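Here this note's numbering is used: the sequence shown runs in plain steps of one and ends on residue 486. Glycine is no exception: its CB is placed at the ideal position from the N, C-alpha and C atoms. Computed from a predicted model, the values in this text were never measured in an experiment. All remarks here apply to the structure that follows.
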Amino acid sequence: GLWVRNLRLKRRLPGPFAWPVVGNAMQLGQMPHITFAKLAEKYGNVYQIRLGCSDVVVLNGDRAIRQALIQHSREFAGRPNFLSFQYVSGGKSMTFTSYSQEWKMHRKIAQSTIRAFSSANSQTKKAFECQIAAEAKELVEQFLKLGAQGHYFNPAHELTVAAANVICALCFGKRYGHDDAEFRALLQRVNDFGQTVGAGSLVDVMPWLQSFPNPVRSVFRNFKDLNKEFFKFVQGKVEEHRKTFDPQVTRDMSDAIIGVIEETKSEKGLAKDYAEGTVADLIGAGLDTVSTALDWILLLLVKHPDIQMTLHRLVDKVVGPNRLPSVEDRGRLAYLDAFIYETMRFSSFVPVTIPHSTTSDVTIEGLRIPKDTVVFINQWSINHDPLKWKHPQIFDPSRFLDENGSLDKDLTNNVMIFSAGKRRCIGDQIAKVEIFLFFAILLQQCHFEKCPDEDLSLNCSYGLTLRPLDFKITAKPRHETL
Ligand code: HEM
């Protein structure tokens, strides 16, 4: 009876045949998002695969994904109770925890803290932008130093330090030098985070892999250690803030979070140690994502020197050499924003969101998905849908400009990289400001060129983010530095 019932349950959704024990794990390949899109051609935009001991529903394409995340936002707002998620942010993560009353409160606190330090009023807006500009100037200096005498270098690590400094300055009121060895080492370690929490990672669906030596086990051990190390760093900073806390003066995001969580002692409030978890979440989320975006931007810039020249001319015309670009220039620098949107669409560098799970039974495109099913959201499939985009495999920023040369908002809204619905990224606005300003200032100050024996294949490594493989560029100054 049970066997037949299970068989019927499994039949409900289309999908490929699943092997015993591993299911479809061995079929995911190096780039699971592309495999998922191929399977959608055969089984439709909503189908089921099996990974180890977990049934996973994969959602592809604009219609199915928006129907799930927006029309059925509550039903798709959960996270699976994966083992690896418990190691993030000292087990007090908001990002890697399922849908609950507590999560809602936690997310609100994180959201309003970000707003308070980035866009709450014109003064905080200005302060936030100034701080990014200062960081961008520092980055320009580093790049010009590394590129002196025509030397070639990989920009990834300096980009990570720059992005880390922006979020550390917001959270702790403190930035770190590009040659601070301890800070660089910490960031280098945290770099591997996305290997384990990206969709298709295997330790959570095949827990038995932990019981004998194999590559998955060593990646997982490394994941546990790096989370511990990173959390210890954040804990130390938050503890310092607690010791010197003054309710009259909010120095930074850590103070604000401590203030909300610990000073407002309402009955249903969050426990005290959630402050560390919240700060760790914000720093962690702002590291890899923003730096990966900038890494792709530099790669595509040197791959398309004609576009770089157009961008240089535009920045020279709109901004000139005597002041730094600012957010106010944005309207007149539409082609820059078009380049950023095209980079996000083309690379889809967060190809699949953090895994979701269903909070109750739900029907999508006529197919019933039971409660507590793991769900993968394939953002890449939206950004590369040939019915939506002309020649999706071609990099062409001008696709986002209308006949007046302005940004086509309907089209930019079709790019999905920050997800949608209840789990949508809460750092999207600050990320966009950061990326725009860094890009504009780098363009104003530097000319970038690829290494002659570099083929710029655009090959990348898969994880929560897609990262370009090591490539080398050089940077030359365009003006006397400001
Ligand atoms: C979640 C993208 C930058 C904070 C997410 C998710 C994506 C994403 C795809 C998962 C959504 C889902 O599971 O459906 C990005 C991209 C960024 C970026 C592409 C940069 C270009 C940031 C920054 C911050 C941030 C700078 C904060 C300072 C968060 C948080 C979550 C999240 C807290 C978890 C939300 C939740 O689970 O409720 N982001 N992100 N992100 N992001 Fe971002």
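query: Taking just the CA atoms, how far does V220 sit from L206?
result: Looking up residue 206 in the sequence shown gives position 202. Looking up residue 220 in the sequence shown gives position 216. Here the C-alpha atom of L206 lies approximately 7 Å from the C-alpha atom of V220.
- prompt: In three-state DSSP terms, what is I53?
  reply: One-based indexing of the sequence shown puts residue 53 at position 49. Strand at I53.
- request: Run through the segment 210–279 for me and flag every whole alpha helix (DSSP H) of 4 or more residues, listed as ranges in chain order.
  value: Listed in chain order, the complete alpha helix (DSSP H) runs (minimum 4 residues) inside the segment 210–279 are 219–247 and 257–262.
Selection from T296, R54, V201 and E45 that minimises the alpha carbon distance to M348: Here residue 348 is taken as the residue at index 344 of the sequence shown, counted from 1. Closest in alpha carbon position to M348, among T296, R54, V201 and E45, is T296.
One or two residues paired with V59 in a DSSP bridge: Stepping through the sequence shown from its first residue, residue 59 is reached at position 55. It should be pointed out that residue 59 corresponds to Asp in this sequence rather than to Val. Per DSSP, R54.
For T186, the nearest candidate out of Q397, R317 and V165 (CA to CA): Locating residue 186 in the sequence shown gives position 182, where the first residue counts as 1. First, the amino acid is wrong: residue 186 is Glu here, not Thr. The candidate whose alpha carbon is nearest that of E186 is V165.
- prompt: Among all the DSSP beta bridges, which residues are the ones paired with V379?
  reply: Start at 1 with the first residue of the sequence shown, and residue 379 comes out as number 375. Bridge partners of V379: V61 and H360.
Residue nearest to L143 in terms of C-alpha spacing, selected from Q448, P456 and Y466: On the sequence shown, position 139 is the one that residue 143 refers to. Considering only alpha carbons, the answer is Q448.
message: I want to know whether the segment 338–348 touches the segment 310–328 - three or more CB-CB distances under 8 Å.
response: The count of Cβ pairs closer than 8 Å, one atom from the segment 338–348 and one from the segment 310–328, reaches three, so the stretches are in contact.
field: DSSP three-state assignment for W23, whether helix, strand or coil
entry: Stepping through the sequence shown from its first residue, residue 23 is reached at position 19. The answer is strand: DSSP assigns W23 an E or B state.
query: Do three or more CB pairs link the segment 107–122 to the segment 138–155 at distances below 8 Å?
result: Under the 8 Å Cβ criterion, the segment 107–122 does not count as touching the segment 138–155, having fewer than three qualifying pairs.
query: By a C-beta neighbour count over all protein chains shown, 10 Å radius and 16 as the cutoff for buried, is S385 buried or exposed?
result: Numbered from its first residue, the sequence shown carries residue 385 at position 381. Taking every protein chain shown into account, the CB of S385 has 16 or more other CB atoms within 10 angstroms, so this residue is buried.
C-beta contact flag for N382 and P401 at 9 Å: Counting from one through the sequence shown, the residue named residue 382 turns up at place 378. Counting from one through the sequence shown, the residue named residue 401 turns up at place 397. No, Cβ-Cβ distance for N382 and P401 is not below 9 Å.
field: C-alpha gap between H360 and Q71, whole angstroms
entry: Position 356 of the sequence shown holds residue 360. Position 67 of the sequence shown holds residue 71. For H360 and Q71, the distance between alpha carbons rounds to 15 Å.
field: the segment 93–102 in contact with the segment 409–419 per 3-pair CB rule at 8 Å
entry: The segment 93–102 is not in contact with the segment 409–419.
query: To the nearest angstrom, how far is it from the Cα of E106 to the Cα of N408?
result: As a working mapping, residue 106 is identified with position 102 in the sequence shown. As a working mapping, residue 408 is identified with position 404 in the sequence shown. Answer to the nearest angstrom: the Cα atoms are 47 Å apart.
- prompt: Is H451 helix, strand or coil when you go by DSSP?
  reply: For the purposes of this step, residue 451 is identified with residue 447 of the sequence shown, where counting begins at 1. Residue state, collapsed to three classes: strand.
message: By the three-class DSSP mapping on this structure, what secondary structure does R482 have?
response: Your numbering for residue 482 matches position 478 in the sequence shown. The answer is coil: DSSP assigns R482 none of H, G, I, E or B.
- request: Name, in chain order, the residues that DSSP records as bridge partners for F157.
  value: Here residue 157 refers to the residue found at position 153 of the sequence shown. The partner list for F157 (beta bridge, DSSP) reads I477.
query: Quick one: is K228 near chain C, going by C-beta distance under 9 Å?
result: In the displayed structure, chain C is absent; only one protein chain is listed.
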